[in-house]
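Below is one structure, written out as structure tokens; the observations come after it.
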Amino acid sequence: MISQNFEYSAPNNLNEALALLAGGNAKVLAGGMSLIPLMKLRLAAPDHLVDLSRVADLKSIREEAGSIRIGAMTTHWEIESSPLLRAKSPLLAVAASNIGDVQVRNMGTIGGSIAHADPAADYPASLLALEAKVRIVSAKGERTLGIVEFLVDALTTALDPGEIVREIIVPVEAAGTGVSYQKMVQPASGFAIVGAAARVQKSGGKVSLVRVGMTGLAGKAFRATGVENLLAGTGGTAADVQKAAAVVADGIDANADLHASAAYRRQMAKVYTARALTQALSRAS
Amino acid sequence: MATTITKTETLVGKSIRRREDPRLITGTATYVDDIQMPGMHHACILRSPHGAARIRSIDIQAASAHPGVVAVFTGKDVAAVGPVPCGASLPGLRVPAHSILAKDRVYFVGHPVAVVVATDRYVAADAIDLIEVDYEPLQAVADPEKALAAGAPAVHPEWPDNIAFTYHQEGGDTEKAFKEAEVVVKQRIISQRLIPTAMETRGVVAEYHGAEKSLILHSSTQIPHLMRTLVALMLGLPENHLRVITPEVGGGFGSKLNVYAEEALMCFVAMKIGKPVKWIESRRENFQCTTHGRGHVDYYEVAAKRDGTVLGLRLKLIQDLGAYHQLLTPAIPTLSVLMMPGLYKFRNVNADIVGVFTNCVPTDAYRGAGRPEATHGIERMMDLLAAELKMDPAELRLKNFIGNDEFPYQTATGLSYDSGNYAAPLKKALDLADYHNFRIEQKQAKASGRLLGIGISTYGEICAFGPSPATPAGGWESATVKIDPSGKVTVMTGTSPHGQGEETTFAQIAADELGVPIDDIIVIHGDTAIVQYGIGTFGSRGTAVGGPALYFALQELKKKVRKFGEMLLESSDVTFVGGHCVHNKTGKSVSLAQIAGASYRAMKLPPDTTPGMVATYFWEPPNFAFPFGAHIVITEVDPDTGHVEIKRYIAVDDCGNIINPLLVAGQVHGGVVQGLGQALWEQAVYDDNGQLVTGELTDYAIPKASMIPWIESSHTTTPSPVNPLGVKGVGEAGTIGCSPAVVNSVVDALSHLGVRHIDMPLTPEKLWNLVHPGGQA
Chain A
4 MISQNFEYSA
14 PNNLNEALAL
24 LAGGNAKVLA
34 GGMSLIPLMK
44 LRLAAPDHLV
54 DLSRVADLKS
64 IREEAGSIRI
74 GAMTTHWEIE
84 SSPLLRAKSP
94 LLAVAASNIG
104 DVQVRNMGTI
114 GGSIAHADPA
124 ADYPASLLAL
134 EAKVRIVSAK
144 GERTLGIVEF
154 LVDALTTALD
164 PGEIVREIIV
174 PVEAAGTGVS
184 YQKMVQPASG
194 FAIVGAAARV
204 QKSGGKVSLV
214 RVGMTGLAGK
224 AFRATGVENL
234 LAGTGGTAAD
244 VQKAAAVVAD
254 GIDANADLHA
264 SAAYRRQMAK
274 VYTARALTQA
284 LSRAS
Chain B
311 MATTITKTET
321 LVGKSIRRRE
331 DPRLITGTAT
341 YVDDIQMPGM
351 HHACILRSPH
361 GAARIRSIDI
371 QAASAHPGVV
381 AVFTGKDVAA
391 VGPVPCGASL
401 PGLRVPAHSI
411 LAKDRVYFVG
421 HPVAVVVATD
431 RYVAADAIDL
441 IEVDYEPLQA
451 VADPEKALAA
461 GAPAVHPEWP
471 DNIAFTYHQE
481 GGDTEKAFKE
491 AEVVVKQRII
501 SQRLIPTAME
511 TRGVVAEYHG
521 AEKSLILHSS
531 TQIPHLMRTL
541 VALMLGLPEN
551 HLRVITPEVG
561 GGFGSKLNVY
571 AEEALMCFVA
581 MKIGKPVKWI
591 ESRRENFQCT
601 THGRGHVDYY
611 EVAAKRDGTV
621 LGLRLKLIQD
631 LGAYHQLLTP
641 AIPTLSVLMM
651 PGLYKFRNVN
661 ADIVGVFTNC
671 VPTDAYRGAG
681 RPEATHGIER
691 MMDLLAAELK
701 MDPAELRLKN
711 FIGNDEFPYQ
721 TATGLSYDSG
731 NYAAPLKKAL
741 DLADYHNFRI
751 EQKQAKASGR
761 LLGIGISTYG
771 EICAFGPSPA
781 TPAGGWESAT
791 VKIDPSGKVT
801 VMTGTSPHGQ
811 GEETTFAQIA
821 ADELGVPIDD
831 IIVIHGDTAI
841 VQYGIGTFGS
851 RGTAVGGPAL
861 YFALQELKKK
871 VRKFGEMLLE
881 SSDVTFVGGH
891 CVHNKTGKSV
901 SLAQIAGASY
911 RAMKLPPDTT
921 PGMVATYFWE
931 PPNFAFPFGA
941 HIVITEVDPD
951 TGHVEIKRYI
961 AVDDCGNIIN
971 PLLVAGQVHG
981 GVVQGLGQAL
991 WEQAVYDDNG
1001 QLVTGELTDY
1011 AIPKASMIPW
1021 IESSHTTTPS
1031 PVNPLGVKGV
1041 GEAGTIGCSP
1051 AVVNSVVDAL
1061 SHLGVRHIDM
1071 PLTPEKLWNL
1081 VHPGGQA
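So the sequence lines, in the order shown, correspond to chains A and B.
Counted from 1, the first sequence has number 111 at position 108 by our numbering; the numbering is strictly sequential.
Counted from 1, the second sequence has number 364 at position 54 by our numbering; the numbering is strictly sequential.
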């Protein structure tokens, strides 16, 4: 990496890190999977990098009061392979297993990923479907935001200067919840052309809960409430799923690039939403 | 004297693991960027951000004053350095002046404008940002057909039509063939621009020894000796004052079969500053500045009889050359023309090439170099003809193959195909694919809405470049074999292996010929001060031309070994076997070490024999070699997404005799993967301003292991009569055979929807639109 000069700090604990970040011009280095390429191309040139890799507090997956709390510096691989997540809240583990490649999953972290807020990243779809919360800390204090509030726009989050993601909080799934993440992969980058996360519960033969998160389609990941509303309360038949998925792109200003036009992305959003819902329903009991 | 025979096992034909691999997989190999020298400086190059622009002024003051910067050079400083060489000569070829740094104009994004030399690479990169260039942007043209249109911007103002050359080749009477034809099929076929993407980017280290006025140039190249000749010429340096060393090379695929501006530029810098200087290409530079491949728009016409007999072939080939000629740029499409008839009895062919300048990085050799384009064209056309005739594509091919009794076969393009049995690999591949049952399964699948296809490609290629009269720089190859006084063997090859594994295969050949264990042999290449002149590794020539050179050097050496053996055993009734000369009557023997020792000690010499045990052979091949094969691909297209799944990939290749099946499998696999890259994912995209849109690996989709199907690789064996080893070359076969098999398969899957042709890459969106015309789901 032939970047511009920068100062580098690797604090050993959270307070030290927050004190360094309170100074102003520092940028957080988590797994570096997005920041380092940008610095390599000199598209990003931070004066000061604060590397959080030694902050042990930020690296954990633990269950607490009906939730699972995932430290910001937990790697994709740790999430993908977590027995706790696999058993009690598998959607995030499935999403993690879809990220990039093995090397990226060994280095990249969930906190770094969501703080970067790439509109085609894999996590946000699942975090939206899970109605996850983001616990934020700074030298001044801490606050917790819902993922919807956290993700402001493409590459923009609600983090203020000096703040970092401390942990991500997802619910322990009720028994019988079915989840799925379905992704059309952009073959060069491994990001999602579209990615749909679905989470459903059934009760008395009806869909009693449905959450759908969508990534890649628009300028930011979003919850497809239109789809959710159409499917909730139905029997969850194939026809119900198709009808609900058909509205996923309604009113959405779809992304267009070299790899997929807006029209094709909209169409694929429907297909992948239907596939995610179908699989989630098949796993729900 | 001992009578033990130590070695009887032969190694040629066996899957010996690559002797190169331990150093590669333990990270102890030395690439250019691993070279460290006392006092070494680092260079960074400022490149044009514009596809076309006039340079009004360059201000280097701030960069020069930047702490750590030793020198900044621009175009005016390097005026004495000769142009970047083009080795291809075609009648009437327009050759733009190609200086190593831009003078008053830039012609493509990435065009080198200035070089900063500093004490470290970071400082050099920082100082690049301090150079101020006042550009006057000009209209660019990046598409070859747009460049040919009236009123297009002129890439080089002196040639407003943007035509670098036209080239015509014909054989037979095409006009008559088309008049007599009962069927004519026509198709425009694109072989898109590709970025070779070697894992190791280019890199150069130059060191100047002022007292001796000599230069050592370390470069990641496929052609160290040619580079020495050409760079010495550019610099006006006596050739024997330049030594080129090729350290480990992390892939070339033709993109390092070249002499680039940076080699002479770093030599120039080293001479100016009197210190060693290193330049390592970034990945972005690699995409922008190292040659691309392909870049064809082809217009094909095939004339045939109703019974499927092919009569004539016409091709108008538009070659996107880019802004300049690199070493072989204009020659590459001529290879497409040579191979355009494929394996079929086309007696009447007519081809016109238009070489077109565009504001893009030059195209040049890339794995297959002209032959993948030709094979893609003819193999697509055979399928189009079969569809038109409602004939089975396998049957059409079998009907038109050159017969086994017709070799050597003179093609209408003037080649002499050496040997072949073209039906054999096709029949074998059809059996492996269970072709007839598959057709039944396919019919049922289509009835239930599944889009299942099968595609055939029966390719032929021209390899083993090649007879010297047919090549720009000589097409022979060289080898030296030395036996040390202790009996250990050193092979020096003029080829420059960079992944092909000749350190293993050449040791196998030498071990068998000399009857010594493979561990007694080392193979050296890629240092012009150690190895005799050679041509290099490209065009599937390493083993096919370098191998015979080694074979003949070994025969020369064996004659001398025998002479000394006869002298030591005091008899002419001697056999050289198993690393020993053995007296046929007494069974007494002398080992190679004893013989070699005697040859150096030279207490006594056989009649008319000199001391020492060294032989060098320069082998001139009498012809090219022509490998061939059949690839069959079964695909399924997802109607909802347009995604292609490769369900089976069957490759039956005939590359003549096989020295090492493991390495051949590796070459086939790698070749197929690069073919799949072109068929499914890769495309270098320039926008109308000449900006490279696919400028990074996040947008240019090279195949990754997880994207690749199982490759069912097998062989038929038709030895080449051209060389004593019977080998043909296999480095490019996989790539050449692959892309039409994939496209034919997908077109077959969609044929009932009226689809006749699809240009590569077969992106899901492209296919979805074919399955859902008008965008209706």
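Note that the Cβ used here is the ideal one computed from N, Cα and C, for glycine as well.
Please read these numbers as outputs of a predicted model, since none were measured by experiment.
For serine 646 of chain B, the three-state secondary structure derived from DSSP is helix. Counting only the Cα atoms, glutamate 330 of chain B lies some 41 Å from serine 881 of chain B.
Boundaries of the beta strand (DSSP E) around glutamate 170 of chain A: 167-174.
If you draw a straight line from the Cα of proline 467 of chain B to the Cα of leucine 448 of chain B, it comes to about 11 Å.
Nearest Cα to alanine 132 of chain A within the set A:Tyr267, A:Ala279 and A:Gln7: A:Ala279. Annotation: Cβ neighbours of glutamine 7 of chain A in chain B (cutoff 9 Å, chain order): Tyr432, Ala435, Asp436 and Asp439. Inclusion of valine 954 of chain B and lysine 738 of chain B in the CB contact set at 9 Å is not warranted, their separation being larger than that value.
The Cβ atoms of alanine 435 of chain B and glutamate 771 of chain B do not sit closer than 9 Å to each other. Here the alpha carbon of isoleucine 355 of chain B sits roughly 6 Å from the alpha carbon of alanine 424 of chain B. At a cut-off of 9 Å between beta carbons, glycine 1085 of chain B contacts chain A. Not a single CB atom of chain B sits nearer than 9 Å to the CB of leucine 41 of chain A. Looking at A:Asp156, A:Lys136, A:Lys143 and A:Val58, the one whose alpha-carbon comes closest to that of lysine 223 of chain A is A:Asp156. Within the DSSP bridge table, the entry for tyrosine 417 of chain B names no partner. C-alpha of leucine 625 of chain B to C-alpha of lysine 486 of chain B: approximately 16 Å in a straight line.
Listed by position along chain A, the residues whose Cβ is nearer than 8 Å to that of methionine 1017 of chain B are Pro190. The three-state secondary structure of glycine 985 of chain B, taken from DSSP, is helix.
Look at valine 995 of chain B: its C-beta is under 9 Å from a C-beta on chain A. Within its own chain, the residues whose Cβ lies closer than 8 Å to the Cβ of serine 92 of chain A, once the five positions on either side in sequence are excluded, are Ile71, Leu133, Val173, Pro174, Val175 and Glu176, listed in chain order. The contact set of methionine 271 of chain A on chain B, defined by CB atoms closer than 7 Å, consists of Thr951 in chain order.
Of all residues in the segment 250-265 of chain A, only Leu261, Ala263 and Ser264 place a beta-carbon less than 7 Å from a beta-carbon of chain B.
Look at valine 107 of chain A: its C-beta is not under 9 Å from any C-beta on chain B.
Not a single unbroken stretch of the alpha helix (DSSP H) spanning 4 or more residues falls wholly within the segment 921-978 of chain B.
Contact holds between the segment 784-797 of chain B and the segment 851-867 of chain B, because three or more Cβ pairs, one in each stretch, are under 8 Å apart. Among the residues of chain B, those whose CB is under 9 Å from the CB of methionine 187 of chain A are Thr951, His953 and Pro1074, following chain order. Collapsing the DSSP output to three states places aspartate 256 of chain A in coil. Annotation: glutamine 1001 of chain B is outside any alpha helix (DSSP H) and is labelled neither H nor E by DSSP. Assignment of alpha helix (DSSP H) within the segment 689-724 of chain B, counting only whole runs of 4 or more residues, yields 703-710 in chain order. The beta-carbon separation of threonine 945 of chain B and serine 1055 of chain B, rounded to 4 Å, stays under the 8 Å limit for a contact. Nearest in C-alpha terms to glutamate 522 of chain B, of all of B:Lys413, B:Val900 and B:Asn550, is B:Asn550.
For leucine 637 of chain B, the closest alpha carbon among the candidates B:Lys566, B:Lys582, B:Arg690 and B:Val587 is that of B:Lys566. Around the beta carbon of proline 401 of chain B, fewer than 16 other beta carbons lie within 10 angstroms, which makes this residue exposed. Tyrosine 184 of chain A: not part of any alpha helix (DSSP H); member of the beta strand (DSSP E) spanning 181-188, first to last residue. Per DSSP, asparagine 28 of chain A lies in no alpha helix (DSSP H) and is assigned neither H nor E. Taking 9 Å as the cut-off, the beta carbon of proline 921 of chain B is found closer than this to the beta carbon of serine 909 of chain B.
Taking each of B:Leu645, B:Arg616 and B:Ile1068 in turn and checking the Cα distance to lysine 700 of chain B, the smallest one comes out for B:Arg616. When C-beta distances to chain B are compared with 9 Å, the residues of the segment 80-111 of chain A below that value are Asp104, in chain order.
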